[in-house]
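Undergrad: Protein sequence lines, in the order shown, are assigned to chains U and B.
Take 206 as the starting number for the first sequence in my numbering and just add one per residue.
Take 206 as the starting number for the second sequence in my numbering and just add one per residue.
All C-beta atoms in this analysis are idealised placements derived from N, C-alpha and C, irrespective of residue type, glycine included.
For reference, the structure I am asking about is given below.
Protein chains: 2
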Amino acid sequence: MKRRAFVKNTTLATAGFSIIPSIKLMANDDKKVKIASIGVGLRGQAHLDNLLRRNDVDVIAICDIDERMLGMATDIIRKSGKTMPQIFKGDPFAYKKLLELKNIDAVIIATPWEWHTQMIMDSLQAGIKYVGTEVVLGITLDDHWKVVHEAEKQKANVMMLENACYFRDVLAVLNMVRQNVFGEIIHLQAGYQHDLRGVKFNNGVEPYDSGVEFGEKGFSEARWRTNHSVHRNGDLYPTHGVGPVATMIDINRGNRFLSLNSFATKTRGLHEYVVKKGGENHANARVKFKLGDIVTTQLNCANGETILLQHDTNLPRPYSLGYRVQGTKGLWMQVNHSIYIEDKSTKHHEWDDEKTWLEKYDHPLWKRWHNKETDSAAGHGGIDFFVIHGFIEAIKRRVATPLDVYDAAAWSAITPLSETSIELGNETVDFPDFTSGQWMYRKNTFALTDEF
Amino acid sequence: MKRRAFVKNTTLATAGFSIIPSIKLMANDDKKVKIASIGVGLRGQAHLDNLLRRNDVDVIAICDIDERMLGMATDIIRKSGKTMPQIFKGDPFAYKKLLELKNIDAVIIATPWEWHTQMIMDSLQAGIKYVGTEVVLGITLDDHWKVVHEAEKQKANVMMLENACYFRDVLAVLNMVRQNVFGEIIHLQAGYQHDLRGVKFNNGVEPYDSGVEFGEKGFSEARWRTNHSVHRNGDLYPTHGVGPVATMIDINRGNRFLSLNSFATKTRGLHEYVVKKGGENHANARVKFKLGDIVTTQLNCANGETILLQHDTNLPRPYSLGYRVQGTKGLWMQVNHSIYIEDKSTKHHEWDDEKTWLEKYDHPLWKRWHNKETDSAAGHGGIDFFVIHGFIEAIKRRVATPLDVYDAAAWSAITPLSETSIELGNETVDFPDFTSGQWMYRKNTFALTDEF
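So, in structure tokens, the structure goes:
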């Protein structure tokens, strides 16, 4: 078998022609997908909630090192009326015991970023064929290569649970792109523009807007995420932005990222927040944060498009992912909720409200699955339902996940590459081809139907 | 006298402390400013119209090589009731005869881009102390250095007539920046996002949206501007975008551009326009256009800000300069007409309509000078009035122009630097310091009062 032949197979599988013969996924006498959750902090609990709502899933094990988080998770499970899963805890490597369970169909990893690669690698090496991981895939470029190589070796699926790919507006625009409404796509923009100051710092008890502690004195994300702002300067969170636009221009599936360049501003926001909320004598007022307040990244693509990404998490601002999708016939600008299509928009050179367009091109997935249940209960306005749904339905069908390890690696690798670019004085750096040339042959199969 | 000491003098002059002793500007028996206009095409006619409305100006000479444009210009002059100026015409160097006139206080140049440097140089060498030029200052980096050196040598003022610096929203935001409403400025964006296809091509008779000819068969801007899209790939028109944001962060006046990087998309828009309007057999359908449809440029500044500029002129879209001004306390986004200021905006993490803020901080210049006359009659919603007003009032006071040769050189030099960056595979290039270090000492004097 050629090194990457399985890639082709899984693509075919997704298209419905075959199943992967060599993978035994589930015991035949049980149709339910057996899931183990590594990490049941606030994000893991959101996934848990979605999993527990499904009748095609059994959560058979959970793992965490934080007793408070474990307590919250078991409360959720108790309320659901489902069987209490086996609980693994006590030390950071308790998850390795969990991976020794013989009947796991898939794991979902929702731990601090720096744990993802190791946990994915251990899961793959334990023989698990479906690994769902929270963003991002890893920290260094080497992390991303390691996971790609291990997934190939194990003939396993690694899906990064990038919920932003399932936003209703994003999927409607993907639909428009595929129906050539924008013409040939020329330029795309997106980002993660989210005032995280109240997330990066808290009082160690309440997760949001409660204080100026982080690290060991912090709770939830403040416990680990903030350290990345102390030590790293780059686009630390690129996948919400890049994921949706990558699906629109077939990245790793007929197209690829060629090169990348990042610029970073000075660093003011986090320090000023600590001083404002905690006073200039607070110990954290002496911390030197490395992350530039705004990091702006450009990418060249093989088919001639450019992508602009912005990371803006240290300053006061309304939340905005700021998508822009522009082709030879017109463009979508999310920030002003507008679309303009030549010869079709109401007035020459004037914006249409995006609403009419997005409704007209509402994606089949949303048409079929959207209801009060998925919308309000399942997190982030429904997108958490869709990303878990995509993962589980792929497992049930024994086909490739809707987003795969190459998507995960390419999207996540933007972070270390942007760090390198900034470190080298804004040098433009080459983007690795994680598919080793298969991007020329692979097909875009993301969200092609109303199934998952 | 130190090499650049006059710079300091002119700054002082603007602040009202003195006049430049060595410059004899006007005959004492005539208070009117004597202006000669080189180039009276459509843009030159707009300036002419503004000049003729003023009682403090005499237009004493005009020059053009196009008989049709000269006819339109003389019609405007006739209708104004003012004295017909001397007319220079017949060949591309007729302007040199105009420059031999002894009583010129100032020239205004509104010719194709590639003529600006030469005409400015000749004007300066003819002893004219006030030169107003349409954007841009020159084509190559060397052009910009030449003009800077000649202005220094001649102790003369070169003002680029960048009307965008006078937009009502831009000036209100400048006012907010100076009153610290946004806190310390961190990041800025702007651009020139203007569907110019109907300008770059016409039928040789009507200037806009009339055909697919350019060059010798084109009229007005299609006659010359389009050639730049055939032969050059870069941000060809940076000054409307960068000018306003440069005034907000004291570029060349306490701050400076340090480095620049540009990315360009593939080139589709102009060819598709020719085919769509003229058919695939039209001769211009065989032209290979070099300009990427969207060129996105980043700049690092000495004080740690980043600036993002976009040039987007080949695709269908609504007009947008897309300003964004972001500081430690909040930001303005022009594209959705919104402002957010921490602790002051109506709702936490939600946009305010910009309207209330812009009205509250309306700039003294607009408060004083805005009326029906300046608004409707004087071009581009009043800004053409303000840029001419600034130029003329500086001449009357014998002080430095509100924008000077260093502003003009730095803003215009973005074009050749972006071409170099793209040509070198998106390399980040150093930005020259046209002030030779004086940026550390020069003060921002732009639009400080309600005078001009």
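Going by C-alpha distance, which of B/M326, B/P317, B/A299 and B/G337 is nearest B/L253?
TA: B/G337
Undergrad: Where does U/I600 fall in DSSP's three states?
TA: Correct three-state label for U/I600: helix.
Undergrad: Would you tell me roughly how many angstroms separate the C-alpha atoms of B/K565 and B/M538, rounded to the nearest one?
TA: When rounded, the distance between both Cα atoms is 17 angstroms.
Undergrad: Give me, in chain order, the residues of the same chain whose beta-carbon lies closer than 6 angstroms to that of B/M364; leave out the 5 immediate sequence neighbours on both sides.
TA: So the list reads G337, F596, T606 and L608, once near-sequence residues are dropped.
Undergrad: List the residues of chain U whose Cβ lies closer than 8 angstroms to the Cβ of B/D400, in chain order.
TA: H554
Undergrad: Just reading off the beta strand (DSSP E) that U/T502 is part of, what are its end residues?
TA: I499 to C506
Undergrad: Would you please state the rounded distance, in angstroms, between the beta carbons of B/N466 and B/N631? I believe it to be under 8 angstroms.
TA: 6 angstroms
Undergrad: Nearest CA to the CA of B/T452: which residue from B/D612, B/K481 and B/K351?
TA: The closest CA to that of B/T452, considering only B/D612, B/K481 and B/K351, is found on B/D612.
Undergrad: Determine the DSSP secondary structure at U/D557, reduced to helix, strand or coil.
TA: strand
Undergrad: Using a threshold of 8 angstroms, state whether the C-beta atoms of U/I499 and U/T470 are closer than that.
TA: yes
Undergrad: With 8 angstroms as the threshold, decide whether the Cβ of U/D558 is near any Cβ in chain B.
TA: no
Undergrad: Return yes when the Cβ of B/E510 is within less than 8 angstroms of the Cβ of B/I390, no when it is not.
TA: yes
Undergrad: Name the two residues that bound the continuous beta strand (DSSP E) containing U/M538.
TA: G535 to M538
Undergrad: Would you mind sorting B/N576 into buried or exposed? The rule is 16 or more other CB atoms within 10 Å of its CB.
TA: exposed
Undergrad: Classify B/G392 as helix, strand or coil using the three-state DSSP reduction.
TA: Looking at the sequence provided, one finds His at residue 392 of chain B rather than Gly. In the structure shown, B/H392 sits in a strand (DSSP, three-state: E or B).
Undergrad: Contact check, B/F424 vs B/G409 under 8 angstroms by CB: the rounded distance?
TA: With 8 angstroms as the limit, B/F424 and B/G409 qualify as a contact, their Cβ atoms being about 5 angstroms apart.
Undergrad: Pairing CB atoms from the segment 489-505 of chain B with CB atoms from the segment 545-557 of chain B, are three or more of them under 8 angstroms?
TA: no
Undergrad: Find the nearest neighbour of U/Q394 within the set U/S525, U/P412, U/W318 and U/G483, judged by alpha-carbon distance.
TA: U/S525
Undergrad: Residues in the same chain with beta-carbon distance under 8 angstroms from B/K560, minus the five sequence neighbours each way, listed in chain order, please.
TA: Here the set comprises H542.
Undergrad: What does a CB cutoff of less than 6 angstroms around B/F657 pick up in its chain, not counting 5 residues either side in sequence?
TA: H594, G595 and E598
Undergrad: Going by beta-carbon coordinates alone, are U/S434 and U/L376 separated by less than 8 angstroms?
TA: no
Undergrad: Buried or exposed for B/R573, please, with buried defined as at least 16 other CB atoms from any protein chain shown within 10 angstroms of its CB.
TA: By the 10 Å Cβ count, B/R573 comes out exposed.
Undergrad: Count the other CB atoms, across all protein chains shown, that sit within 10 Å of the CB of U/A615; report buried if there are 16 or more and exposed otherwise.
TA: buried
Undergrad: Interface residues of chain B around U/T518 at Cβ under 9 angstroms?
TA: Result: empty, since nearest Cβ-Cβ is about 12 angstroms, beyond 9 angstroms.
Undergrad: Just verifying my parser: in three-state terms, what is the DSSP assignment at U/D234?
TA: Here U/D234 scores only 41 on pLDDT, less than 50, and its place in the model should not be relied on; the value that follows carries that caveat. U/D234 carries a coil assignment under DSSP once its states are collapsed to helix, strand and coil.
Undergrad: Can you tell which of B/L275, B/R248 and B/V382 has its C-alpha closest to the C-alpha of B/P449?
TA: B/V382
Undergrad: Determine which residues share a DSSP beta bridge with B/C268 and list them.
TA: Paired residue(s): B/I243 and B/F293.
Undergrad: In chain B, which residues lie less than 9 angstroms from U/V540 when you measure between Cβ atoms?
TA: M538, V540, N541 and S543
Undergrad: Spatial neighbours of U/E411 within its chain, please: CB distance less than 8 angstroms, with the 5 preceding and 5 following residues excluded, ordered by chain position.
TA: F424
Undergrad: Decide if B/P226 is buried, meaning its Cβ has at least 16 other Cβ atoms within 10 Å, or exposed.
TA: Since pLDDT at B/P226 reaches only 35, below the 50 mark, its modelled position is unreliable, and the value read off the structure follows with that caveat. That one is exposed.
Undergrad: Which of the three DSSP states is assigned to B/Q384 in this structure?
TA: Of the three classes helix, strand and coil, the one that applies to B/Q384 here is coil, per DSSP.
Undergrad: Go through its chain and collect everything with a Cβ distance to B/R458's Cβ below 7 angstroms, but skip five positions before and after it.
TA: Hits under 7 angstroms: W644, R647, K648 and N649.
Undergrad: Out of curiosity, what's the CA-to-CA distance linking B/K351 and B/G396?
TA: 26 angstroms
Undergrad: Would you mind giving the Cβ-Cβ distance between B/K334 and B/A315, rounded to the nearest angstrom? I have them listed as a contact below 8 angstroms.
TA: About 19 angstroms separates the two Cβ atoms, so there is no contact after all.
Undergrad: What's the gap between the Cα of U/V659 and the Cα of U/F419?
TA: The structure shown does not extend to residue 659 of chain U, since chain U spans only 206 to 657, so no value can be given for it.
Undergrad: What did DSSP end up calling B/H575 once you bin it into helix, strand or coil?
TA: coil
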